[in-house]
Amino acid sequence: MSRVQLALNVADLDAAIDFYRKLFDVEPAKVRPGYANFAIAEPPLKLVLIENPEGRGQGTAGALNHLGVEVESPDEVRRATDRLRGVGLDPEVQESTTCCYAVQDKAWVDDPDRAPWEVYTVLADASEQTDLGCSTETCQPVGLVAGQGRSCC
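Numbered by my numbering, the letters in the sequence shown go through residues 1101 to 1253 in order.
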């Protein structure tokens, strides 16, 4: 089985473990001092958390823009939204949002270090990206704190 590995610096390992346990509804595969990993079956992902006292407190690190899980239908976005609300993550919901040249339904949550995550589905192609402050040349983040807008891609 192939899967993507995503390694993140986190300021508070315990808070990050708690967040990702809730986000993906799975327990960590390994926890060691300053380190944890999750072997996530759906979506296929190896998530590695590395405790770093500097963390990512600004919501991004280097080239990180945001992170996402693409699902197949609006019903799956709604189920994910309900599950995230049920575990206290308070998702920001966007329906029929046009960005990244697609119309999408999505729900956003921020991890403890303010890295934005979206659960989304593509409803249709779009000839341009219009919402959430995206430029037509590139997608740029627009205030990564909940309630201040989101990057669209």
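Backbone N, C-alpha and C fix where the C-beta goes; we use that ideal spot for every residue, glycine too.
If you're wondering where the values come from, they're calculated on a predicted model, not measured in any experiment.
Nearest candidate by alpha-carbon position, reference residue i, set the options
| i | options | result |
| --- | --- | --- |
| LEU1223 | GLY1186, PRO1174 and GLN1194 | PRO1174 |
| VAL1104 | LYS1146, ARG1179 and TRP1208 | LYS1146 |
| ALA1136 | ASP1190, ASP1114 and ARG1183 | ASP1114 |
| LEU1167 | GLY1134, TRP1217, VAL1110 and LEU1106 | TRP1217 |
| ASN1165 | VAL1110, THR1221, LEU1106 and ALA1215 | ALA1215 |
Distance, residue j Cα to residue i Cα
| i | j | result |
| --- | --- | --- |
| PRO1143 | THR1197 | 23 Å |
| PRO1213 | GLU1192 | Before going further, note that residue 1213 is Asp rather than Pro in the sequence given. ASP1213 and GLU1192: Cα-Cα distance of roughly 17 Å. |
| CYS1199 | GLU1176 | 19 Å |
| LEU1108 | LYS1130 | 15 Å |
| GLU1121 | GLU1170 | Before going further, note that residue 1121 is Arg rather than Glu in the sequence given. So the alpha carbons of these two residues sit roughly 18 Å apart. |
| GLY1162 | ASN1152 | With a pLDDT of 44 at GLY1162, under the threshold of 50, the modelled position of that residue is not reliable, and the figure given next carries that caveat. Spanning the two alpha carbons is a distance of roughly 15 Å. |
Strand pairing of residue i, partner residues [DSSP]
| i | result |
| --- | --- |
| PRO1216 | ASP1210 |
CB contact check: residue i to chain D, cutoff 9 Å
| i | result |
| --- | --- |
| TYR1135 | The structure shown contains no chain D; it is built from a single protein chain. |
Three-state secondary structure assigned by DSSP to residue i
| i | result |
| --- | --- |
| TYR1201 | coil |
| GLY1168 | strand |
Short Cβ contact (9 Å threshold) for residue i with residue j
| i | j | result |
| --- | --- | --- |
| ALA1116 | ASP1190 | no |
| ALA1226 | TYR1201 | yes |
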